[in-house]
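At position 47 of the sequence shown the residue is numbered 47 (our numbering), and the sequence of numbers has no breaks. Just so you know, even glycine gets a beta-carbon here, dropped at the ideal spot from N, CA and C. Following: one structure in structure tokens, then a few remarks.
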Amino acid sequence: MQIVSFKIKLKYFFKRRLIFLAWLSLCCLLIGEAGRWFWIFELFSHFVPFYTVALFLGAWISNKLWQKVLFLLTALSLIVWIFSPLLSASIDTKRPLPQKFLSYNLFIDNQNIDQNIQWLLRADADIIFLTEATLASENALSKLSQKYPFGCKKLEDTPFGLALYSNKPLRNCEVLYFKNLEDFPYIRAQLMDQRIIYGIHPPPPISLDFANYRNQSLQALSEKISTENQYLIVMGDMNSTPFSIKYREFIKQTGLKPTVTLWNPTWIPGLLALDHILIKSPYATKQTGQGMWIGSDHRPVWVVW
Numbered sequence: 001m002q003i004v005s006f007k008i009k010l011k012y013f014f015k016r017r018l019i020f021l022a023w024l025s026l027c028c029l030l031i032g033e034a035g036r037w038f039w040i041f042e043l044f045s046h047f048v049p050f051y052t053v054a055l056f057l058g059a060w061i062s063n064k065l066w067q068k069v070l071f072l073l074t075a076l077s078l079i080v081w082i083f084s085p086l087l088s089a090s091i092d093t094k095r096p097l098p099q100k101f102l103s104y105n106l107f108i109d110n111q112n113i114d115q116n117i118q119w120l121l122r123a124d125a126d127i128i129f130l131t132e133a134t135l136a137s138e139n140a141l142s143k144l145s146q147k148y149p150f151g152c153k154k155l156e157d158t159p160f161g162l163a164l165y166s167n168k169p170l171r172n173c174e175v176l177y178f179k180n181l182e183d184f185p186y187i188r189a190q191l192m193d194q195r196i197i198y199g200i201h202p203p204p205p206i207s208l209d210f211a212n213y214r215n216q217s218l219q220a221l222s223e224k225i226s227t228e229n230q231y232l233i234v235m236g237d238m239n240s241t242p243f244s245i246k247y248r249e250f251i252k253q254t255g256l257k258p259t260v261t262l263w264n265p266t267w268i269p270g271l272l273a274l275d276h277i278l279i280k281s282p283y284a285t286k287q288t289g290q291g292m293w294i295g296s297d298h299r300p301v302w303v304v305w
């Protein structure tokens with residue numbers, strides 16, 4: 001009898017906590033939407049896939065029909081959102097020759113930089129954009145320059161060094177700064193076929209100031225993109241997941257399209273999708289992919305476009 005009683009109590013214990021987690025997830029979803037007004041609330045928006053799992057568990061274990069329906073419908077809506085269809089291909093006789101674009105956050109304290117460079121060389125991309133490219137990694141990066149002699153870079157002993165490498169000549173490549181954001185460079189380059197590349201790495205929203213800097217960077221980039229009349233690609237560690245209200249506003253303003261489904265974790269500590277490759281064109285990417293976490297807390301992402 002004592003064993004049976006213990007099992008009942010244990011089941012009740014877990015049931016109550018799963019229901020609590022489901023309600024907590026629902027609250028966090030709503031709080032995340034308030035991130036448009038206060039920076040710290042936005043942090044709640046980045047964990048939508050985890051909220052989805054908690055809501056499914058809550059729906060499965062709940063005995064109350066209304067509660068079960070609420071949790072289940074919310075979870076299903078989130079699934080549809082997370083795995084929403086991507087840009088479909090269209091016929092375009094003027095489509096430029098597809099090239100492979102790769103974006104990777106090297107990580108400022110990377111202890112396996114040489115191994116990373118070897119992987120990048122084997123990846124055989126046409127364009128490589130690197131964030132957290134430091135002066136300490138300059139010797140290792142010189143190996144990339146042999147295969148990718150074109151591009152531009154700004155190496156820094158901070159997390160905001162950038163480098164863009166191309167195996168083909170470019171029309172131009174510049175390291176630029178948004179107004180009043182001189183600590184956070186970005187890169188603008190143009191291919192010979194007129195396509196434009198933006199490489200960006202705004203700061204993480206870990207404080208009020210940094211959250212404002214990131215939001216200002218995205219807003220400034222949105223304004224830059226609005227002046228462009230060519231097909232373009234934006235890539236980098238944006239320190240924002242696709243579920244963030246600020247990121248969604250950026251996507252809406254620019255007309256950029258994601259190249260993978262919304263949950264594609266690239267930052268291993270939180271399994272968050274922080275690294276993005278976005279395109280603005282009438283045709284879709286031909287291929288997409290990711291590398292492994294080697295030395296960096298991020299993994300590389302790439303597209304053929």
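For Cys152, which of Ala136, Ile127, Ala140 has the nearest alpha-carbon?
-> Ile127
Validate contact between the stretch 258-268 and the stretch 69-79 using beta carbons, cut 8 Å, 3 pairs | no
So the alpha helix (DSSP H) Phe71 belongs to, where does it begin and stop?
-> 65-82
What residue does the beta strand (DSSP E) around Ile117 start on, and which one ends it?
-> Segment 113-123 is the alpha helix (DSSP H) holding Ile117; no beta strand (DSSP E) there.
Coil, strand or helix - Trp293 by DSSP = coil
Using the beta-carbon count (16 or more within 10 Å), is Ile334 buried or exposed?
-> It is not possible to answer for residue 334, since the shown part of the chain is limited to 1 through 305.
Residue span of the beta strand (DSSP E) that contains Ser103, given as start and end = 100-105
State the beta-bridge partners of Tyr177 as determined by DSSP.
-> Pro185
Is Tyr12 buried or exposed, if buried means 16 or more other CB atoms sit within 10 Å of its CB?
-> exposed
Span separating the alpha-carbon of Pro159 from that of Ile197 = 21 Å
State the start and end residues of the unbroken alpha helix (DSSP H) segment that holds Lys224.
-> 208-226
Where does the unbroken alpha helix (DSSP H) through Thr52 begin, and where does it stop?
-> 48-61
Reference Ser240, options Lys15, Leu271, Asp193, Asp109, closest by Cα = Selected option, being the one with the closest Cα: Leu271.
On a CA-only basis, which of Ile225, Gly58, Gly35, Asp237 is nearest Ser281? Give me that one, please.
-> When only C-alpha atoms are compared, the closest one is Ile225.
Return the chain-ordered list of same chain residues with a C-beta closer than 7 Å to the C-beta of Lys306, the five sequence neighbours on each side being excluded.
-> Not covered by the structure: residue 306. The range shown for the chain is 1 to 305.
DSSP three-state call for Leu162: helix, strand or coil?
-> strand
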